[in-house]
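In terms of the UniProt record's numbering, the sequence shown has 196 at position 196, counting the first letter as 1, and numbering is strictly consecutive. Contents: one structure, followed by commentary.
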Amino acid sequence: MSAGCVRWMLSHTVRAVCGSSSCGYWTPASRLTICSERSNIIASSWRWSPFSTGGDDTEQTAAPKKKKPDPRGHATISAVGRKIPQREIQVISETGENLGIMHRADVIRVMDEQGLKLVLLSERKDPPVYRLMSGKQIHEEQLKLREKQKAKAAPVQVKELTFSSGIAAHDLSTKMKQVESWLEKKNHVRITLRSGRGGPAVNLDTTLEQIVQQMEVMVGFVSKPKAIRDGQAAMCILRPPSAKELSQKGKNMAAAAQSDDSSSNATESKTSIPPVSNSDTTEGSIQQ
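Below is the structure:
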């Protein structure tokens, strides 16, 4: 029924157009005009018909969404070249010295004289802050940035290990080697020490701390040994040592080695003095 209504409407419209036309003869121009009028009338009739599902032409299109600035856009270190967009910028030297505000022409001259490159540090400040760096410095900073991004992106896995206080020495050594291998892979390790069957649950946290101290590698603590389950067990979480902790350990070892060398030298100097014998003392008294 709907199709019949549509056909009737179209035929009625065409007849009205053809009847209103007073042209006695057809020309290409008149044909084009009549066809365009017919198409306009048909389109308008169809638009206002109940069978049309088209939306209103006056409806405004949604404005395109603005892309948010990517926070990782400036997370790279690269030279800007000789095209400096700002006229005056704040410049940091290769050694980290603040050179103050300089004209871009002067900055380019310094770059050419010293063979350095210009790196953008902060664009939000007024004026923006740039630093003069060598190619080696830029490469090193890029490597550091990549390591930081990898450390942030890689999720930390927590391994778990549980054993009783009555464990045999050989089994304990095997488990500690497993802990060391996990720490070498940058994992965290949760160690739980529970009391043995029928054994006393006394100072399990101290026992666990002593076990950790006997490990051959240096470790850090996310959570130090503490008693849990009403004293029936002890738990700690280990992590790989940080770079700061490793450097501090190296300094401590160097200081200890230096103190040992100084004490050994002092001991050798004391033993090198020959003792005075009684015979020498007697001969000296006779010669007098």
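All C-beta atoms, glycine included, are put in the ideal place defined by N, C-alpha and C. Note that the structure is predicted; figures quoted are calculated from it, not measured.
Per-residue DSSP class, three states only, for residue i
i, result
"Glu94", "coil"
"Ser11", "helix"
"Tyr25", "Confidence in Tyr25 is poor, its pLDDT being 48 and thus under 50, which makes the residue's placement too unreliable to answer from."
"Val189", "strand"
"Glu160", "strand"
"Gly250", "helix"
"Leu116", "coil"
"Ser165", "coil"
"Ser122", "strand"
"Met133", "strand"
"Ile228", "strand"
"Gln213", "helix"
"Val202", "coil"
"Ser242", "coil"
"Arg146", "helix"
"Val6", "helix"
"Ser195", "coil"
"Met111", "helix"
Given residue i as reference, the closest of the options once Cα atoms are compared
i, options, result
"Met218", "Thr207, Gly196, Leu183, Arg194", "Leu183"
"Arg87", "Leu10, Lys159, Pro127", "Pro127"
"Met215", "Ala243, Arg146, Ser173, Lys117", "Ser173"
"Lys83", "Arg15, Ala105, Glu97, Gln90", "Ala105"
"Gln213", "Arg229, Gly231, Met176", "Met176"
"Val158", "Ser181, Leu204, Gly250", "Ser181"
"Ala234", "Gly166, Ala243, Ile138, Thr207", "Thr207"
"Glu97", "Ala79, His103, Val129", "Val129"
"Ile167", "Ile211, Pro240, Gln137", "Ile211"
"Arg197", "Ser165, Arg146, Ile237", "Ser165"
CA-to-CA distance, residue j to residue i, given in whole angstroms
i, j, result
"Ser195", "Lys186", "29 Å"
"Glu113", "Gln248", "40 Å"
"Asp261", "Lys144", "37 Å"
"Val189", "Arg131", "42 Å"
"Glu94", "Leu121", "13 Å"
"Ile77", "Met133", "11 Å"
"Val156", "Val110", "45 Å"
"Lys150", "Ala169", "38 Å"
"Gly115", "Val107", "12 Å"
"Lys117", "Glu140", "14 Å"
"Ile191", "Gly220", "13 Å"
"Gly81", "Ile89", "14 Å"
"Ile92", "Arg124", "16 Å"
"Pro85", "Val179", "54 Å"
"Val202", "Leu161", "20 Å"
"Gln142", "Lys152", "15 Å"
"Lys244", "Gly100", "33 Å"
"Lys251", "Pro241", "15 Å"
"Gly231", "Gln137", "54 Å"
"Ala193", "Arg239", "Inspection of the sequence shows that residue 193 is occupied by Leu rather than by Ala. Taking the straight line joining both Cα atoms gives about 17 Å."
"Ala79", "Gly135", "9 Å"
"Glu209", "Arg229", "17 Å"
"His103", "Glu147", "35 Å"
"Leu204", "Phe163", "12 Å"
"Arg7", "Arg15", "12 Å"
"Val119", "Leu246", "31 Å"
Residues bridged to residue i [DSSP beta-bridge criterion]
i, result
"Thr174", "According to DSSP, which records beta bridges pairwise, Thr174 is partnered with nothing at all."
"Ile237", "Arg190, Ser223"
"Glu141", "BP columns for Glu141 are empty, so no partner."
"Arg87", "Bridge partners of Arg87: none, in fact."
"Gly100", "Val91"
"Ala79", "Val119"
Contact test: residue i Cβ vs the ligand MN heavy atom, cutoff 7 Å
i, result
"Phe163", "In the structure on display, the ligand MN does not appear, and there are no ligands present to speak of."
Per the contact definition of three or more C-beta pairs closer than 8 Å, is the stretch 249–262 in contact with the stretch 220–233?
no
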